[in-house]
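The structure appears below as structure tokens.
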DNA sequence: TAAACCTTGACACACCTTTGGTAAGGTTCG
DNA sequence: CGAACCTTACCAAAGGTGTGTCAAGGTTTA
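Protein chains in written order, with my numbering: chain D, 1 to 127; chain Y, 128 to 254.
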């Protein structure tokens, strides 16, 4: 008995069965299915569901927010498009001397990397 | 006459004045103010507003989505928390041979970098 | 000073998201 | 078999988002 059914999983994770199906539909936690089509929640899914709750509560997020983050993660083109827009800060380009434009573009790249690779501050996930 | 008032900006960007105020409130495009408190839209803001429209339409996003991406960009702790959750894939850790755990953790880091630094495929922003 | 702007704040409405039910029908198991 | 599950597919209510409009009051400008 390594995997729980949806109602049991709901009990131990604090979500309602209804929400577990919803969470699956938006792609956040998908449980494997039994041969008859029943969702089977293993330790991995249960942990994931619990940490999801904590994440939402701790950061005041909605499921939609996390779903969007996931979409960003999976869709490289989308990520590039959004990043490109966000990179164009409100500072007018006039503030960048014409000759420095190329370097500016390159730095933007570097900044992106730095922003995405913060010091390994483990803290979540262990809760 | 380098800066437009809100109604003029609305005309040239396709947004309504109402929406320009809304967009400002959610932190996406904030226009500097005149001494009397009037919003003054310069070329930078106008461009930003136009590309924002294209981004939303092209990618079928909502303003809230972009606002959340901005929040992710600015709040490092939030970004780490969300990334940490997303990194914990549905694959149970059992699938990783015990000894490889350390290497696994390190690779996760590398994967993150790779995901955040896609080949420089410029395309947007010039529209 | 008066017309034509601007500002914030409030009311309002349509639509989408989040959740809960409930119904019709398959599965498991005592 | 029958109780107690599961599944999907709807209807629905509460709350958030996107958007318009109007009011009361300051600013600009002719």
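For glycine and all other residues, C-beta sits at the position ideal for the given N, C-alpha and C.
Opening and closing residue of the alpha helix (DSSP H) in which residue i lies
i: residue 23 of chain D; result: 17 to 25
i: residue 214 of chain Y; result: 203 to 214
i: residue 182 of chain Y; result: 170 to 186
i: residue 158 of chain Y; result: From DSSP, residue 158 of chain Y is part of no alpha helix (DSSP H); its letter is neither H nor E.
i: residue 136 of chain Y; result: 133 to 140
Residues near residue i in its chain [Cβ-Cβ closer than 8 Å; skip 5 each side]
i: residue 62 of chain D; result: 56
i: residue 180 of chain Y; result: 140, 141, 142
i: residue 6 of chain D; result: 17, 20, 21, 31, 38, 39, 41
i: residue 151 of chain Y; result: 157, 158, 166
i: residue 153 of chain Y; result: 190, 191, 194
i: residue 46 of chain D; result: 4, 9, 12, 13
Cross-chain neighbours of residue i in chain D, by beta carbon under 9 Å
i: residue 178 of chain Y; result: 84, 85, 88
Classification of residue i by the beta-carbon crowding that lies within 10 angstroms, buried from 16 upward
i: residue 60 of chain D; result: exposed
i: residue 41 of chain D; result: buried
i: residue 48 of chain D; result: buried
i: residue 76 of chain D; result: exposed
i: residue 89 of chain D; result: exposed
i: residue 196 of chain Y; result: buried
Interface residues of chain D facing residue i [CB-CB closer than 8 Å]
i: residue 129 of chain Y; result: In chain order: nothing, as chain D lies at least about 10 Å away.
i: residue 186 of chain Y; result: 78, 81, 82
Chain D residues whose Cβ lies nearer than 7 Å to that of residue i
i: residue 197 of chain Y; result: 86
Residue i: contacting residues in chain Y (beta-carbon distance under 8 Å)
i: residue 55 of chain D; result: 208, 209, 212
Same chain, Cβ closer than 7 Å to residue i, neighbours up to 5 away in sequence not counted
i: residue 3 of chain D; result: 40, 41, 42
Cβ-based neighbour list, residue i, same chain, cut-off 6 Å, excluding 5 preceding and 5 following
i: residue 225 of chain Y; result: Summary for residue 225 of chain Y: the model assigns pLDDT 46, below 50, so the residue's position carries little reliability; its value from the coordinates is reported in the next sentence. For residue 225 of chain Y, where only same-chain residues beyond five positions count, there are no Cβ hits under 6 Å.
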